Amino acid sequence: MARRIDYSARYTHSTERVYAALSDRDYWEARMDELRKFSDNDVEHFEVTETGIDLVFHHVIPRSSLPDVAQTVMTKDMIITRREHYGAFGEPVTGTYEATIPAGPGSLTGTMSLFRTDTGSTLRTSSEAKVSIPFVGGKLEQMMLLNVVDLLRTEARVTADWLDRRQREDR
Numbered sequence: 431m432a433r434r435i436d437y438s439a440r441y442t443h444s445t446e447r448v449y450a451a452l453s454d455r456d457y458w459e460a461r462m463d464e465l466r467k468f469s470d471n472d473v474e475h476f477e478v479t480e481t482g483i484d485l486v487f488h489h490v491i492p493r494s495s496l497p498d499v500a501q502t503v504m505t506k507d508m509i510i511t512r513r514e515h516y517g518a519f520g521e522p523v524t525g526t527y528e529a530t531i532p533a534g535p536g537s538l539t540g541t542m543s544l545f546r547t548d549t550g551s552t553l554r555t556s557s558e559a560k561v562s563i564p565f566v567g568g569k570l571e572q573m574m575l576l577n578v579v580d581l582l583r584t585e586a587r588v589t590a591d592w593l594d595r596r597q598r599e600d601r
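According to my numbering, the sequence shown is numbered sequentially starting from 431.
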């Protein structure tokens, strides 16, 4: 049975400014730079078209840093490929993501919604983890979702900092 969790990143910046950041390759490189403090990360594909934004990036998590329960099913470093798509700018902007692990025992998918608020904007991510391993599947799903929230929290901080710097530069 799959488990779900929602995370909302709240920004004091407009949806236009947040979307502009998501459309900027420099923003994604700044985000990867921050994540490289924890593990190898890189953007493989980045494309902005009239239909939206498409990305593919990789997170590499050394097997030795995985919890014991995850090490029982992962025999090598965990390479997570994440694909994200944000639709064209509108109110709201909607998107999807999926994270895959080669030979991994489960899936992680989600939806995203960027919308205006009274104080700026919110990017809400709804995630679903599913692991098909008897006895430990639920524990792994819970672990995946908690790690996703930590990752989204870090990404939200990087986004807010990046937007704040850009706003100061525009003045």
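We put the CB at the ideal spot given by N, CA and C, even for glycine.
No experiment lies behind these values; they were computed from the predicted model shown.
Return the first residue and the last residue of the beta strand (DSSP E) that residue i is part of.
i: R513; result: M508 to G517
i: M542; result: G536 to T547
i: H489; result: G482 to I491
i: H443; result: Segment: none, H443 is in no beta strand (DSSP E) and carries neither H nor E.
i: F476; result: D470 to T479
Determine the DSSP secondary structure at residue i, reduced to helix, strand or coil.
i: G568; result: helix
i: L593; result: helix
i: L581; result: helix
i: A432; result: coil
Taking the alpha helix (DSSP H) that residue i falls in, what are its first and last residues?
i: F454; result: The residue asked about is misnamed: residue 454 is Asp in this sequence, not Phe. Looking at the DSSP string, D454 is not in any alpha helix (DSSP H), and its letter there is neither H nor E.
Would a check of beta-carbon distances place residue i closer than 8 Å to chain C?
i: G520; result: Of the chains in the structure shown, none is chain C; there is only one protein chain.
Residue i: buried (16+ other C-beta within 10 angstroms of its C-beta) or exposed?
i: E514; result: buried
i: E571; result: buried
i: F487; result: buried
Determine which residues share a DSSP beta bridge with residue i and list them.
i: I563; result: According to DSSP, which records beta bridges pairwise, I563 is partnered with nothing at all.
Rounded C-beta distance between residue i and residue j? I'm assuming under 8 Å.
i: M574; j: L544; result: Incorrect: roughly 23 Å between the Cβ atoms, too far for contact.
i: G550; j: S444; result: 6 Å
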